[in-house]
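J.: Residue numbers (this note's numbering): 1336 to 1545.
Pasting in a structure now, in structure tokens, and then I'll have a few things to ask.
Take a look at the structure:
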């Protein structure tokens, strides 16, 4: 920047983005001084390097604001886990499906794990049918991001919210004044009246930009 530039000549860009052309460094510095702006290298590897006339202090301030806004808009994708047994009781199934629905409505992904024990391992179709049933019953809110796959004694499927579902969740979060508070381990603190059965759910966090 300014006197730190070592090139003999530069390709100069004006404060409004207009092309001035290739000029000696001394001339570029004089033009910058005349309009009380800085001469800033924006493409130092070019030959000759490209320099622009700008208010560098203002540029840094605006860049910091943009970076802060980008971090604010960065959305964390939470992956919840719901565990089921292949011969789950109908009432338990509806309860756990309700958890899945709530997670998707909150904009979270859900890893659904079917746990096989003993002779159940010889009947993987039971778990597959259960996962497909769940898929069809939550189709208005989400879709299958990772198809059912056997993993040792478990069968795993990952559900993700539709874009519209995620957008509605983000809008609801914004109207409440921001994301829910997270504990030190990255889990989301339950809202009033919200509980989760031990061993039923787990939480991991991915970060993505919108």
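Backbone N, C-alpha and C define an ideal beta-carbon position, used for all residues, glycine too.
Measure the CB-CB distance between residue 1343 and residue 1360 and report whether it falls below 8 Å.
T.: In contact: residue 1343 and residue 1360 (Cβ atoms closer than 8 Å).
J.: By DSSP's criteria, residue 1344 is part of a beta bridge. Which residues make up the other side?
T.: Per DSSP, 1359.
J.: Under DSSP, the alpha helix (DSSP H) around residue 1373 begins and ends at which residues?
T.: First-last for residue 1373: 1373 to 1378, but that is the beta strand (DSSP E), not the alpha helix (DSSP H).
J.: Residue 1476 and residue 1447 - do their beta-carbons sit closer together than 8 Å?
T.: No, Cβ-Cβ distance for residue 1447 and residue 1476 is not below 8 Å.
J.: Taking only three categories from DSSP, how would you classify residue 1533?
T.: In this predicted model, residue 1533 has a pLDDT of only 34, less than 50, meaning its place in the structure is not dependable; the value taken from the coordinates is given anyway. In this structure, residue 1533 counts as coil in the three-state DSSP scheme.
J.: Should residue 1473 be labelled buried (16 or more other beta-carbon atoms within 10 Å of its own) or exposed?
T.: Answer is buried; the Cβ neighbour count reaches 16.
J.: Rounded to whole angstroms, what is the Cα-Cα separation between residue 1489 and residue 1423?
T.: Approximately 14 Å between the Cα atoms of the pair.
J.: In the DSSP assignment, what are the bridge partners of residue 1482?
T.: According to DSSP, which records beta bridges pairwise, residue 1482 is partnered with nothing at all.
J.: Hey, out of 1487, 1508, 1458, 1375, whose CA is closest to residue 1350's CA?
T.: Per the Cα distances, 1375.
J.: Taking DSSP's pairing of strands, which residues face residue 1570 in a bridge?
T.: No answer is possible for residue 1570: the residues shown for the chain start at 1336 and end at 1545.
J.: Enumerate in chain order the residues of its own chain whose CB-to-CB distance from residue 1377 is below 6 Å, with the five nearest sequence positions on each side excluded.
T.: Excluding positions up to five away in sequence, the list reads 1385, 1387.
J.: Would you identify the three-state DSSP class for residue 1401, choosing helix, strand or coil?
T.: Here residue 1401 sits in helix by DSSP.
J.: Just mark residue 1394 as buried or exposed, buried being the case when its beta carbon has 16 or more other beta carbons within 10 Å.
T.: With fewer than 16 other Cβ atoms within 10 Å, it is exposed.
J.: Should residue 1406 go down as buried or exposed, given a rule of 16 or more other Cβ atoms within 10 Å for buried?
T.: Under this definition residue 1406 is an exposed residue.
J.: Could you pull out every residue in the same chain whose Cβ sits closer than 8 Å to the Cβ of residue 1336, ignoring the five residues on either side in sequence?
T.: Excluding residues within five positions, the ones whose Cβ falls inside 8 Å are 1373, 1374, 1375, 1376, 1391.
J.: Quick one: Cα of residue 1438 to Cα of residue 1465, how far?
T.: So the two alpha carbons sit approximately 19 Å from each other.
J.: Just list the residues that DSSP pairs residue 1336 with in beta bridges.
T.: None, per the DSSP bridge assignment.
J.: Using 10 angstroms around the beta-carbon of residue 1458, count the other beta-carbons present and answer buried if the total reaches 16, otherwise exposed.
T.: Exposed is the call here.
J.: Spatial neighbours of residue 1527 within its chain, please: C-beta separation below 7 Å, excluding the five flanking residues on both sides.
T.: Residue placement at residue 1527 is flagged as unreliable, the pLDDT there being 35, under the threshold of 50; the coordinate-derived value follows with that caveat. The answer is none, since no qualifying residue turns up.
J.: In three-state DSSP terms, what is residue 1385?
T.: It is a strand residue.
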